[in-house]
Amino acid sequence: MYVLLQYSIIISAGEIDLSTTPHCDDETSCPLNVYIGESVKYYRDNGPAEGGKNIALVKTTQPIFFHDQNLQQVGGHILSEEENTKLHESHLPGDMHSEDVNSVFGIGGTADEVYHDSDIGGPLMIKKPIDNVPPRFYLYGIRSFKAETAVPPYASTFVYTKVSHYLEWILDNISE
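Shown next, in the form of structure tokens:
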């Protein structure tokens with residue numbers, strides 16, 4: 253686990269307007285949806301991501317609470333056509349061909365869909381109803397990058413890290 257320099261990572265939970273940069277002088281001066289990173293644990297201790305090839309767990313100095321006043325909308329979609337449900341190795345950047353293709357998946361985008369680097373790290377949530385209780389949202393993937401080649405018939409393919417592939421590592425490395 254790497255201890256961070258004070259205020260070196262600032263996390264905006266559910267930010268929808270990236271035209272402003274959150275500024276925090278201390279933990280009490282942050283906006284309600286902004287949190288300060290305290291430490292970070294990289295997958296296999298191999299350091300920060302290069303080309304979307306790593307994930308990390310970030311511990312914040314304060315718990316992140318979601319309630320009716322600050323619950324942010326999340327969205328996403330999963331392809332239903334069988335031939336487009338898996339990202340094929342040929343669609344990965346050249347330096348990722350040795351990666352486990354089961355750890356990522358692709359989602360097709362339309363020609364008018366705009367990609368921003370600020371989308372990296374964003375969630376792909378699945379809404380799942382459970383009997384007689386309100387549906388729950390589950391984190392299915394984390395946006396990593398836009399593939400150089402699109403999966404037909406889509407104009408673009410966005411590559412996501414599959415959270416379930418790392419679940420054992422996540423559970424082994426989170427603490428109360």
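Following the working numbering, the numbering of the sequence shown begins with 253 at its first residue and continues without gaps.
Positions of the beta carbon are idealized from the N, C-alpha and C atoms, including for glycine.
The Cβ neighbour count for lysine 398, taken over all protein chains shown within 10 Å, is at least 16; the residue is labelled buried.
When secondary structure is reduced to three states using DSSP, glutamate 290 falls in the strand class.
C-alpha of glutamate 400 to C-alpha of asparagine 384: approximately 44 Å in a straight line. For the 8 Å CB-CB criterion, arginine 395 and glycine 373 form a contact.
Within 10 angstroms of the beta-carbon of threonine 409 lie 16 or more other beta-carbons, which makes it buried.
According to the DSSP assignment, isoleucine 382 belongs to the beta strand (DSSP E) that extends over 375-382. In this structure, the beta-carbon distance from tyrosine 418 to isoleucine 307 falls below 8 Å. When DSSP states are grouped into helix, strand and coil, tyrosine 406 belongs to the coil group.
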